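Numbering (mature numbering (1 follows the signal peptide of the UniProt record, and there is no 0)), first residue to last: -24 to -1, 1 to 930. Idealized CB from N, CA, C, for every residue including glycine. What you are looking at is a predicted structure, and each value in this text was computed from that prediction instead of being measured. Here the structure comes first, spelled out in structure tokens, and everything after it is commentary.
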């Protein structure tokens, strides 16, 4: 069939546009050829790049998003390839990446020298090659990088001396050269050359565990320096400690230990370092009086043992350092009776006092600190042990004291090999499984949330740990929570953190094995590892917990076993040709009558008693046999709970994604309406705070709904302690904000608006990142298009949460959900059931309230897990909850107003409400978010099913 002149004009225009667009893509999207050539040259120097970086093909790293390569416009600005398992050397082609700002190659098997021409990267701000095998001299050309702020070369094999020209890097704040084989002295300015003393903006000098020698130069330290960490331990320094060191008034950690040759007295002005938290001077030959640490109230670790200080009496500052956790004064000739208040210091954990002349009676008392786990007084002059009240039942060592020679040698404290708790084992994160734990494949590990996955593993190396009692699990639990919260704050797909086998090394460093588990999938992607590694290498993540500063650390990551990937074919030209072909085909079709657009609500007659299987956008139809295989034949090991609808099973799709399968009672067609309602609603609404429907099954007499897997259970489980997920005040605010946003979406953005009708804590799920997912849409109801209430013949919902106005009038509006949400808000702060033994939570709160008192006088009703001192914004929160449960629906706020109010409360509590709302995906960059089960189909925040992309004749 021929084409009309009009058709040919359209074809010519279309071809012209394709040519123009193709040219525009070349101009705007293609990577700068210089950068592409440089990356190819760098990859050529890596022995296994073809297998480890199989996606690095083509000529457009930016447009094609090569793993580990990040761009601004068409220039490469960041390379993050930590733990990619690369081997080989670093090519000099690196110099051609003239816009590069961040380079992270840590934890790879890279060796040889750093190329000197790396000094050509004038825009470089951060260079990290931690845990590789680079050798040779540190290139002096690094001094030519004026913007360099972060330099981490630790844990390599660098030799030679520290280049004096590094002193030119005036913007440097992190300088880590530790754990190498560096020799020579610390360079300082001499009138001709610059030195380290010129780095007045630096916060970190990490030079420990090398072979540096000479004296510690007095001109290295200035009063305008900002240093907080000075690590010079495990070197060969000689001479004295320069008094100028005490000019570093911001110093928090000082390590001069294990140089073995430092001599002379400790400067008397040492106690001017009032911000110092850790002082390590042990294993040297220091002389003079024992330093006076009076006024150093921030100290929690003091270690000065094995020096040659003059004999002294028990110093008065012993009992004045209220933050002290560890005191090590071994072999220092200190004389006198130990004061009993020393054992009462609130945070004290270990006392290493052996080899002194402590004498007389040892009185620990019955009110010793609960944190005290070790008192080592070997080889002293203790003659008597006074026991009053409860006997000290932790580790006490008195071997070599007169008390153990006077007939008490069989006493437990006279045995050096004793343990405080013989049954105690090193800390290890436990997996909490509702039933029998699943059997993981050989390359997988069981996560704390009882899922099998391939974690990112490595070792956290704390250079100056603040605690020494490894039997106290609190330090590790808080660290796990802090790490997970940090990763989630960056929108990283992290399900959980596991720590195990903490152990002290010979230099008092603490090593802890770390496993980071992915959320909702078996393995991390390359981008995930790239960013997690970058956070740990670049010190973006700072370990911290209430009352605990974990001090300086670094991470040694293992090579991550990525899934094998194939390079994606480039289809730009092919797709352009396809447009022309489709145009011709469509113009050959006979003319059709105009077709109505797809209705926004899926067409499935829910009034019918028969079940037919619709084809719905984004919802996959599963067969019974498929779900049987996915759930291991619905085994008990995969059973993760039971609800009113039936049992729920965990399953794994062939692509590795975890799912939850909700199975109705076999052979029963009860709940057909709810079954169909949930499929129809969830297949057309997509929001990050609504649980995603993967698909459904109506086969062989079975009804099953398949959802995304949400590993941390329900909000109800968290509030009752069943799930093991602990929610502090700030986390609870995040959870209710997420729920409010999901409900607001249903009310105000869905088309038509939807009322959930069953908002309650057991329908609020928490995913691996503690993001909120509103679930269970079986009772949900679409409102009339005009938004007015819809009369229903049967009131549905859950007692305790049910809107009394809806119950009395049977008039359903979105304000019924607002009432239920208000009840939920009160449940969140009380952890009490809404209705229990005749007590109604709304009535209880209103009856106990006194607005003239702190926290409105609700202390007795509060969940004991909430610390009253940390409840910023609490009164506004209660006010909001009570507005939501007003008797008349017209007096209640809308859900969008609720969202705004919660965000205001979060800001008062010091929480950024935008952290979890910036993206509708788990991604942490600007790439287009995709639903994990939708293949290439993108989901928008749209209330209706996207209209057909089919070309329709006009």
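- When DSSP states are grouped into helix, strand and coil, residue 730 belongs to the strand group.
- By the Cβ criterion, the region 322 to 334 is in contact with the region 298 to 310, since at least three pairs of Cβ atoms, one from each stretch, lie closer than 8 Å.
- Around residue 739, the same chain offers 751, 752 as residues with beta carbons nearer than 6 Å, after the five sequence neighbours per side are excluded.
- Around the Cβ of residue 480, a 10 Å sphere holds fewer than 16 other Cβ atoms; the residue is exposed.
- Per the C-alpha coordinates, the member of 85, 450, 75, 306 positioned closest to residue 95 is 75.
- According to DSSP, residue pairing for residue 113 in a beta bridge involves 135.
- If only uninterrupted beta strand (DSSP E) runs of at least 3 residues are considered, those enclosed by the region 308 to 362 are 310 to 312, 326 to 328, 333 to 339, 350 to 352, 357 to 362.
- Between residue 497 and residue 43, the CB-CB gap reaches or exceeds 8 Å.
- By the Cβ test, the region 502 to 511 is in contact with the region 457 to 476, since at least three Cβ pairs between them sit closer than 8 Å.
- Contact check for residue 89 against residue 111 passes: the beta carbons are separated by less than 8 Å.
- According to DSSP, residue pairing for residue 511 in a beta bridge does not occur.
- Linking residue 883 to residue 712 through their CA atoms gives a straight-line distance of about 14 Å.
- By the C-beta criterion, the region 5 to 21 is judged to be in contact with the region 61 to 71, since at least 3 inter-stretch pairs fall below 8 Å.
- With 16 or more other CB atoms across the displayed protein chains lying within 10 angstroms of its CB, residue 774 is buried.
- In this structure, the alpha-carbon of residue 725 lies about 57 Å from that of residue 92.
- When only Cα atoms are considered, residue 171 and residue 142 end up about 7 Å apart.
- A residue is called buried when at least 16 other Cβ atoms come within 10 angstroms of its Cβ; residue 418 does not meet this threshold and is exposed.
- Within the model, the alpha-carbon separation for residue 864 versus residue 781 is close to 7 Å.
- The alpha helix (DSSP H) runs lying completely inside the region 738 to 805 and spanning 4 residues or more are 780 to 785, given in chain order.
- Runs of the beta strand (DSSP E) lying entirely within the region 183 to 232 and spanning at least 3 residues, in chain order: 189 to 191, 205 to 207, 212 to 215, 229 to 231.
- Residue pairing for residue 525: DSSP places it in a beta bridge opposite 520.
- C-alpha of residue 371 to C-alpha of residue 389: approximately 8 Å in a straight line.
- Going by beta carbons, residue 226 and residue 204 fall inside the 8 Å limit.
- Residue 302 has 277, 326 as its beta-bridge partners, per DSSP.
- Cα atoms of residue 375 and residue 391: separation of roughly 6 Å, rounded to the nearest angstrom.
- Counting along the chain, the unbroken alpha helix (DSSP H) around residue 723 starts and ends at 705 to 724.
- When Cβ pairs closer than 8 Å are counted between the two stretches, the region 664 to 677 is seen not to touch the region 511 to 530, the count staying below three.
- Following the DSSP letters along the chain, one finds residue 17 inside the alpha helix (DSSP H) bounded by residues 9 to 20.
- In this structure the region 810 to 817 does not lie against the region 742 to 750, because fewer than three pairs of beta carbons, one per stretch, are closer than 8 Å.
- Contact annotation: the region 253 to 266 touches the region 274 to 291, with at least three C-beta pairs closer than 8 Å.
- For a cut-off of 8 Å, the C-beta gap from residue 790 to residue 723 is around 4 Å, short enough to register as a contact.
- Here the C-alpha atom of residue 475 lies approximately 21 Å from the C-alpha atom of residue 106.
- Residue pairing by DSSP places residue 636 opposite 626, 683 in a beta bridge.
- Secondary structure of residue 841 (DSSP, three-state): coil.
- For residue 63, the beta-bridge partners assigned by DSSP are 85.
- Beta-bridge annotation (DSSP): residue 480 is paired with 486.
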